Every structure is written in structure tokens, then in C-alpha cells.
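Protein chains: 2
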Amino acid sequence: MIIIGERINSTRPEIQAAIKNRNVSFILKEAASQLKAGADYIDVNCAQTSGDEVQDIDWVISVIQSEIKDVNICIDSPNYLAIDRALNIYKAKGRVIINSITGEEARIKKILPLIMNHKAKVIALTMDERGMPKTASDRFEIAKVIVERAKSDVFNPEDLYIDPLVRPISTEPTQVKEILNSIPLIKSLGVKTILGLSNVSFGLPNRSLLNRTFLSMAIQMGLDAAISDPLDKGIVSAITASNALLGLDEYCVDYIKAFRVGKL
Amino acid sequence: MIIIGERINSTRPEIQAAIKNRNVSFILKEAASQLKAGADYIDVNCAQTSGDEVQDIDWVISVIQSEIKDVNICIDSPNYLAIDRALNIYKAKGRVIINSITGEEARIKKILPLIMNHKAKVIALTMDERGMPKTASDRFEIAKVIVERAKSDVFNPEDLYIDPLVRPISTEPTQVKEILNSIPLIKSLGVKTILGLSNVSFGLPNRSLLNRTFLSMAIQMGLDAAISDPLDKGIVSAITASNALLGLDEYCVDYIKAFRVGKL
Numbered sequence: 091m092i093i094i095g096e097r098i099n100s101t102r103p104e105i106q107a108a109i110k111n112r113n114v115s116f117i118l119k120e121a122a123s124q125l126k127a128g129a130d131y132i133d134v135n136c137a138q139t140s141g142d143e144v145q146d147i148d149w150v151i152s153v154i155q156s157e158i159k160d161v162n163i164c165i166d167s168p169n170y171l172a173i174d175r176a177l178n179i180y181k182a183k184g185r186v187i188i189n190s191i192t193g194e195e196a197r198i199k200k201i202l203p204l205i206m207n208h209k210a211k212v213i214a215l216t217m218d219e220r221g222m223p224k225t226a227s228d229r230f231e232i233a234k235v236i237v238e239r240a241k242s243d244v245f246n247p248e249d250l251y252i253d254p255l256v257r258p259i260s261t262e263p264t265q266v267k268e269i270l271n272s273i274p275l276i277k278s279l280g281v282k283t284i285l286g287l288s289n290v291s292f293g294l295p296n297r298s299l300l301n302r303t304f305l306s307m308a309i310q311m312g313l314d315a316a317i318s319d320p321l322d323k324g325i326v327s328a329i330t331a332s333n334a335l336l337g338l339d340e341y342c343v344d345y346i347k348a349f350r351v352g353k354l
Numbered sequence: 091m092i093i094i095g096e097r098i099n100s101t102r103p104e105i106q107a108a109i110k111n112r113n114v115s116f117i118l119k120e121a122a123s124q125l126k127a128g129a130d131y132i133d134v135n136c137a138q139t140s141g142d143e144v145q146d147i148d149w150v151i152s153v154i155q156s157e158i159k160d161v162n163i164c165i166d167s168p169n170y171l172a173i174d175r176a177l178n179i180y181k182a183k184g185r186v187i188i189n190s191i192t193g194e195e196a197r198i199k200k201i202l203p204l205i206m207n208h209k210a211k212v213i214a215l216t217m218d219e220r221g222m223p224k225t226a227s228d229r230f231e232i233a234k235v236i237v238e239r240a241k242s243d244v245f246n247p248e249d250l251y252i253d254p255l256v257r258p259i260s261t262e263p264t265q266v267k268e269i270l271n272s273i274p275l276i277k278s279l280g281v282k283t284i285l286g287l288s289n290v291s292f293g294l295p296n297r298s299l300l301n302r303t304f305l306s307m308a309i310q311m312g313l314d315a316a317i318s319d320p321l322d323k324g325i326v327s328a329i330t331a332s333n334a335l336l337g338l339d340e341y342c343v344d345y346i347k348a349f350r351v352g353k354l
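Here the protein sequences come in this chain order: P and H.
According to my numbering, the first sequence holds residues 91 to 354 in order.
According to my numbering, the second sequence holds residues 91 to 354 in order.
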């Protein structure tokens, strides 16, 4: 299970302010604390800043790279120019992830060559011109189109993370089952699966409980990666316990180690 | 999801002492607190007391019934005579559950008529003369034999709770997957499924985390009932969150209510 730490996101007012004020220590603390808690990648989203997204993403990634060597970055932007800039300044050896493309032909066409030039991995949302999918099979059909398209560009399917689009249970109570059922379907295409967890609990109290319970169910279905907050102890506990339960942690070594250092 | 509260079990030294000393208030507190926390049934196990199991189970059930009207009891005994006595003194309207029978012919033959006379429900373990099952399909095969046998005695399959026998991950790391996969197979026979949760975490630290994570996975697979400790807040939280996630709690009404009264 790969964790992409979601905290450096400009929809959070604290991050928006830190980017605006070029607050180096705040950004570095947010990156370092997520890595310490277990994040494999740091998501960087500057789309909601009032300024220039291209300059802002350049600044954030440069700040993180200046202190943390070989950091894995997840470039989270809808903006082709911001993605291009981020890919160009990213210098660590770890391969980058682009968040995200969709099944919309125009968008795939523009971003795919950029991704291939930089040997980036990519998150693809199961969404196309017709909008949001409803069922597991809708999600599978869109994933098939994305995978076929990627293959025709000689893109390695193993570098594709397909996101079946989490919906809030408060407004769409039947969607979790569809999303969970879509995981093995999508994986049968030879690609990986990823979820943006926290959307599931939007509008409800004790969101951490819903997020971690959902995560355990998704790991059971074979989930490969999650975009979430690794500072939420419940998330790390759910992953560690799920791996131990499903026989993915031989002799429960990681589980016992995590318990000893107070991570559970 | 039905919760069978497991606390009045004579393998616990406090309970053993309370039974030996005929400590009415201790037994009543253990029963009442479990019901308040959300237990649907109170398991009563007197098999490990040093005295007379028949007398002891008679005393415990009488004590509980004297204070709590219409309490649902789960009679937990390997002893035909103790089960017979418990069924005879049980007077509440709620139907009783017998814990448990196995796939061993001699045992089925003796207990099934007793169960039918009292219109009891019954927990059946997927274990037979050959011992413990290893795979999901082993469990399914034993369940089939039990269901066929019960049907030939005109026993309603819906009153059968099949327990696929939880093993500790510390010694049998591949068993959880087999147990989870056995749940839909067994349910396809028209019966219900039940798990004794806490065995999964035997020998490991932070057992509550493993128990509740396992429970969420099992609910996702369709589990109908669990034998567990309802005073463990994590168990009640896992059930409430799982139901909300899987669309089993319309408008998340139960989830929000549980949050408001501090149960999550």
C-alpha cells in the first residue's frame, strides 16, 4: 500500500496562506511530518492559490527538494502548464506521479506525451465526457478505454493508477459498494488502483472513523494506493492492521514494530 | 448485524470467581452493561467453573432473568445436560441461541431434537471428525453437510448461524482470507454467518484494532452476527461505520445518532 500524503493542498486555508506568504518553514514541516508518519509521496496542489499556479508549484516543489533529498512528489494540478513546469524542475531520482488525467480524449492527448517524456506514473480518474460513473461496471468500462489508449502510446499499464472516484455516503449511500466492487475489475486490466479516501465522509461527524473503515474494506479488495492524511493515526493503524490480517505482513513483523514505536 | 456479548464466559477469572461465589451483582452488571452498549444477546458460558456446570448455568441464567425481562440468551456449552437445563429454565419470549454444534454426526444427532423442541436458533461450527478446515471451500463443504442434515430434520436454515472458525493470524497468517471468502459461499446456502472475532488477534498487541478491522472486512462480505465484547467502543464504532458505508443505514441516521450519544 502506497500512501500519498494529501496535506499540501491549496484548498486548505493554512496552505493557501503559506504559499501566498512564501512561508518556507510551514511547507517543510508539512512535508517532513507526512514522510515521518509513513507517506510514500507528497501531493502538491497549488491550484487554489490566488496567484500564478505555475510560479507557486515551482516554489513549493523547490522548497521541499531543497531540504528533502529524493522526495517522491505527486503533482496535483488540472493545469498543463503547471504540470510541465513541475516535471521540469523535479530533480530527485524517485519517479513522479501526475494527479490526474481523465477518460476525456482531449485531456489524455495533451498530457500523455508529457508524462511519457518524464517517465512519470499517472493517476487516471474514471470520468469521461459523460460525467461521473454510477456503477462498478461504468467505472470498469471507462478504465478499459484509458488503458487501451495508454497502451497505444506504449505507456506501461503498471504505471497507471486508476481512481474509481469516491463519492460522499451522506449524499450517495450506494456508491461505496460500487467503488469497492470496481477495484478487482479494474485491477484485472493489469493496472493499479488508488482512492482519494476522505471524500467518502464529507458532511459527517468523526470522519476519521469512516475513512479508516472504508480503507480497510478497500485494502481487502486489493487497493494499491490511497491519497490521505498520514498524520491521522487511524489511517496508518488501518493499513498496518489490514496487512497483518490479510497475510501481507509475514509474522506480523511490521504490525508489532509499528505498535512498539507508538504508531498504532 | 447481531452482537452476542461474550463477557459472561467462565474462561475469564473474574466470571469464574463470580459464579463460584454466587456474586449476583457482578453477573447482573456484566449483563446490563453489555445490553446498554448494544449487545442483542448475552452469551452465558459456565463450562470452566470448578463446580457443577448444570447448576451453575441454571444460577447465572436465573439471576439475569430475575432482573432483565425478555433478555436474549446465548447458551454456550459443550454439555448436553447443561444445554437441556438452560433451555428448560429460559422463560423470556426472545428466542434462544445454542452455541454450538459441529458437523460431527453424533453431536448433531443428540442436540438437534433438543433445539427443535425449544425452537432455538443454533450456531454450528464448520468442524467435523476430520478436525479444523483450512480453506474457504473446506468450510463450505462442512456447512453443506450441516445444512442438509438440519433440513432433513425440518429445521429452518434461517435459524442456523454457521461459524467458519476464526484462527489467530499470529500462527495462521493465511486463514483470514479463507474465512472472509467463506462468508458469501456459506450464505448462498440460505443460512446466516457468525464469527467469534477475538480469536483472530490472539498473541498480538492492540487486539481491539485487529478485531475491529477484521469485523469491518467481514461485514463487507455479508457477516450477520459476531460474538464479541460490546464494551469495546471500537467494535460498536466499526459496525456503525461499516453499515453507514455499505448503504445499510439510510441517511446515516444510526451513525449520527451513535455519534451524538458518544458511542463512536
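Glycine included, each C-beta is placed from N, C-alpha and C at the ideal position.
Quantities reported herein were computed from a predicted structural model and do not represent experimental measurements.
The beta strand (DSSP E) enclosing residue i, as first and last residue numbers
| i | result |
| --- | --- |
| residue 158 of chain P | No beta strand (DSSP E) contains residue 158 of chain P, which DSSP labels as neither H nor E. |
| residue 109 of chain H | Not the beta strand (DSSP E): residue 109 of chain H falls in the alpha helix (DSSP H), residues 103 to 110. |
| residue 133 of chain H | 131 to 134 |
| residue 141 of chain P | First-last for residue 141 of chain P: undefined, no H or E at that position. |
| residue 92 of chain P | 92 to 95 |
Own chain, CB closer than 6 angstroms to residue i, minus 5 neighbours either side, in chain order
| i | result |
| --- | --- |
| residue 249 of chain P | 211 |
| residue 317 of chain H | 94, 96 and 286 |
| residue 288 of chain H | 301 |
| residue 114 of chain H | 153 |
| residue 169 of chain P | 143 |
| residue 324 of chain H | 298 and 302 |
| residue 167 of chain H | 137 and 173 |
Spatial neighbours of residue i in its chain, beta-carbon cut-off 8 angstroms, leaving aside the 5 residues before and after
| i | result |
| --- | --- |
| residue 162 of chain P | 130, 131, 132, 182, 184, 185, 186 and 187 |
| residue 312 of chain H | 273, 274, 277 and 283 |
| residue 148 of chain H | 175, 176 and 179 |
| residue 344 of chain P | 330, 333 and 334 |
| residue 125 of chain P | 95, 132, 158 and 161 |
| residue 342 of chain H | 334 |
| residue 241 of chain H | 247 |
Contact belief for residue i with residue j at Cβ below 8 angstroms, rounded distance in angstroms
| i | j | result |
| --- | --- | --- |
| residue 291 of chain H | residue 305 of chain H | That belief does not hold up - the Cβ atoms of residue 291 of chain H and residue 305 of chain H are roughly 11 angstroms apart, past 8 angstroms. |
| residue 117 of chain P | residue 108 of chain P | 6 angstroms |
| residue 253 of chain P | residue 214 of chain P | 7 angstroms |
| residue 337 of chain H | residue 266 of chain P | 7 angstroms |
| residue 138 of chain H | residue 100 of chain H | 4 angstroms |
| residue 263 of chain H | residue 340 of chain P | 7 angstroms |
| residue 315 of chain P | residue 91 of chain P | 7 angstroms |
| residue 216 of chain P | residue 229 of chain P | 4 angstroms |
| residue 140 of chain H | residue 110 of chain H | 7 angstroms |
| residue 121 of chain H | residue 98 of chain H | 7 angstroms |
For residue i, the first and last residue of its enclosing alpha helix (DSSP H)
| i | result |
| --- | --- |
| residue 345 of chain P | 343 to 350 |
| residue 179 of chain P | 170 to 179 |
| residue 114 of chain P | 114 to 127 |
Cut-off 7 angstroms between Cβ atoms - residues of its own chain near residue i, not counting five sequence neighbours on either side
| i | result |
| --- | --- |
| residue 360 of chain H | The first residue shown for chain H is 91 and the last is 354, placing residue 360 of chain H beyond what the model contains. |
| residue 226 of chain H | 268, 271, 272 and 275 |
| residue 245 of chain H | 202 and 206 |
| residue 297 of chain H | 288 and 291 |
| residue 127 of chain H | 320, 321 and 326 |
| residue 151 of chain P | 134, 163, 176, 179 and 180 |
| residue 204 of chain P | 173, 174 and 177 |
| residue 103 of chain P | none |
| residue 208 of chain P | 177 and 186 |
Min CB distance residue i to chain A below 8 angstroms
| i | result |
| --- | --- |
| residue 285 of chain P | The question asks about chain A, but that chain is absent: this structure's protein chains are P and H. |
| query | In chain order, which beta strand (DSSP E) runs of at least 3 residues are fully inside the region 182 to 230 of chain P? | reply | The beta strand (DSSP E) runs lying completely inside the region 182 to 230 of chain P and spanning 3 residues or more are 187 to 191 and 211 to 215, given in chain order.
| field | Residues from the region 294 to 319 of chain H in contact with chain P, defined by Cβ distance under 7 angstroms | value | 294, 295, 296, 299, 300, 303, 304, 306, 307 and 310: these are the residues of the region 294 to 319 of chain H whose beta carbon lies less than 7 angstroms from some beta carbon of chain P, given in chain order.
| task | Return the chain-ordered ranges of every alpha helix (DSSP H) run that is complete within the region 252 to 324 of chain P and spans a minimum of 4 residues. | result | Fully enclosed alpha helix (DSSP H) runs of 4 or longer: 265 to 277 and 297 to 310.
| message | Which residues of the region 238 to 264 of chain P have a Cβ closer than 8 angstroms to any Cβ of chain H? Give them in chain order. | response | Of all residues in the region 238 to 264 of chain P, only 259, 260, 263 and 264 come within less than 8 angstroms of chain H when Cβ atoms are compared, listed by chain position.
| request: Select from the region 324 to 339 of chain H all residues with a C-beta closer than 7 angstroms to any C-beta belonging to chain P, and list them in chain order. | output: So the list reads 327, 328, 331, 332, 334, 335, 336 and 337, given in the order they occur along the chain.
| task | With 9 angstroms as the limit, tell me which residues of the region 266 to 279 of chain P have their beta carbon closer than that to any beta carbon of chain H; keep them in chain order. | result | Taking 9 angstroms as the Cβ-Cβ cut-off against chain H, the residues of the region 266 to 279 of chain P that qualify are 266, 267 and 270.
| task | Closer than 8 angstroms, Cβ to Cβ, to anything on chain H: give me those residues from the region 165 to 186 of chain P, in chain order. | result | Under the 8 angstroms Cβ criterion, the region 165 to 186 of chain P contributes no residue.
| Given a limit of 9 angstroms on CB to CB distance, which residues of the region 123 to 142 of chain H reach chain P? | Contact residues of the region 123 to 142 of chain H toward chain P are absent (C-beta to C-beta distance below 9 angstroms).
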